[in-house]
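J.:
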Amino acid sequence: MRILVVDPVTTREWVEEDLAYLRRVAGPETELSVETLPKGPLSIETHHDVAYAAPEILELVKAHAPEVDAIVINCFADPVVEAAREVTDKVVVGPAEAAMSIALHLGHKFSVISVLPNTASWVELQALKLGVERRLASAIGIEIPVLELERSPERTVEAIVSAAERAISRDGAEVIVLGCTGMAALAQAVRERLAVPVVEPAAAALKLAELLVSLGLRHRRGGTYLPPSPEKLIGY
45 MRILVVDPVT
55 TREWVEEDLA
65 YLRRVAGPET
75 ELSVETLPKG
85 PLSIETHHDV
95 AYAAPEILEL
105 VKAHAPEVDA
115 IVINCFADPV
125 VEAAREVTDK
135 VVVGPAEAAM
145 SIALHLGHKF
155 SVISVLPNTA
165 SWVELQALKL
175 GVERRLASAI
185 GIEIPVLELE
195 RSPERTVEAI
205 VSAAERAISR
215 DGAEVIVLGC
225 TGMAALAQAV
235 RERLAVPVVE
245 PAAAALKLAE
255 LLVSLGLRHR
265 RGGTYLPPSP
275 EKLIGY
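The number in our numbering is simply the position in the sequence shown, starting from 1, with 44 added.
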């Protein structure tokens with residue numbers, strides 16, 4: 045089984061770290077590759093970032109889809125996951141969709157601990173789109189940008205744990221979902237501090253991709269995921 049992980053940013057310093065982490069999570073028969081964007085944002089924290097990343101993500105998907113069985117777009121914003129499903133019939137998974145789906149099996153309500161405060165509203169909209177808004181206890185931003193998450197790991201872990209404890213005691217969360225794939229390296233430290241399950245979205249997306257491939261399941265291109273008409277695009 046071959047899975048492509050698209051880091052939908054231009055920051056290459058995460059490639060080896062992501063590959064090493066996901067190899068520990070992947071099944072023994074899974075071959076992984078990680079690709080970043082040739083141009084676009086260093087991180088994704090705004091709708092503006094997503095807009096500039098989108099065309100480059102789709103080009104990577106189109107270029108590599110024939111070589112792989114599944115594609116993970118490795119950002120909790122799930123950027124252009126739906127559009128990617130229109131350009132390939134291979135399995136395409138987004139971390140937010142995967143992590144929230146898994147959280148439903150672990151408790152009645154879950155909270156998402158994300159990066160900047162603006163991303164909390166993103167999470168609420170994602171939950172609404174997935175139809176799980178009644179199971180979302182809360183979404184909390186810890187006010188640490190993506191590019192700074194690992195620069196002071198102890199500070200980041202403390203911020204995540206503090207927000208998670210608030211979500212558990214105040215909002216009734218029974219599961220915590222980390223709301224940024226850049227938190228992957230810190231997930232175990234967070235788990236050790238909390239008494240509830242903690243879902244790390246990059247691992248969730250990878251394992252869901254493996255499951256779908258192993259079951260022979262993929263989306264249908266047509267209906268919701270209508271194949272695009274290239275002749276409609278001018279200058280691409």
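Glycine included, each C-beta is placed from N, C-alpha and C at the ideal position. Note that the structure is a prediction, hence the values are computed from the model and not measured.
Using C-beta distances below 6 Å, list every residue in its chain close to E198, excluding the 5 sequence neighbours before and after it, in chain order.
T.: Cβ neighbours of E198 beyond the five flanking positions: none.
J.: Report the start-end ranges of each alpha helix (DSSP H) in the segment 113 to 188 that is 4 residues or longer and not cut off at the edges.
T.: Fully enclosed alpha helix (DSSP H) runs of 4 or longer: 125 to 131, 139 to 147 and 162 to 174.
J.: Among G260, L261, I186 and A109, whose alpha-carbon lies nearest the alpha-carbon of V205?
T.: The option with the nearest alpha carbon to V205 is I186.
J.: Starting from E244, follow the alpha helix (DSSP H) in both directions and report where the run begins and ends.
T.: Counting along the chain, E244 falls outside any alpha helix (DSSP H), and DSSP gives it neither H nor E.
J.: For the candidate residues S87, L250 and P123, whose alpha-carbon lies nearest to that of R68?
T.: That would be L250, whose Cα lies nearest to the Cα of R68.
J.: Within 10 angstroms of the Cβ of P139, are there 16 or more other Cβ atoms? Answer buried if so, exposed if not.
T.: Buried, because 16 or more other Cβ atoms sit within 10 Å of the Cβ of P139.
J.: Which term fits G175, buried or exposed, when burial requires 16 or more other beta carbons within 10 angstroms of its beta carbon?
T.: Exposed, because fewer than 16 other Cβ atoms sit within 10 Å of the Cβ of G175.
J.: For W58, which residues from the same chain have a beta carbon less than 7 Å from its beta carbon, with the 5 sequence-adjacent residues on both sides left out?
T.: So the list reads D51, once near-sequence residues are dropped.
J.: On a CA-only basis, which of A207, A183, C119 and A114 is nearest A246? Give me that one, please.
T.: Here the closest residue by C-alpha is C119.
J.: So if DSSP puts L270 in a beta bridge, which residue, or which two residues, is it bridged to?
T.: Answer is none; L270 lacks a bridge partner.
J.: List the DSSP bridge partners of S77.
T.: The partner list for S77 (beta bridge, DSSP) reads L48.
J.: Applying the criterion that 16 or more other CB atoms from any shown protein chain within 10 Å of the CB defines a buried residue, is A207 buried or exposed?
T.: It is buried - the Cβ of A207 has at least 16 other Cβ atoms within 10 Å.
J.: For L222, which beta-bridge partners are listed by DSSP?
T.: For L222, which the question treats as bridged, DSSP gives the partners I157.
J.: Does the segment 62 to 76 come into contact with the segment 88 to 108, if we say contact requires no fewer than three beta-carbon pairs (one atom in each stretch) closer than 8 Å?
T.: No: the two stretches stay apart, fewer than three of their Cβ pairs being nearer than 8 Å.
J.: Between the Cα of R265 and the Cα atoms of Y65, V136, A248 and K83, which residue gives the shortest distance?
T.: Checking every option, the nearest Cα to that of R265 belongs to V136.
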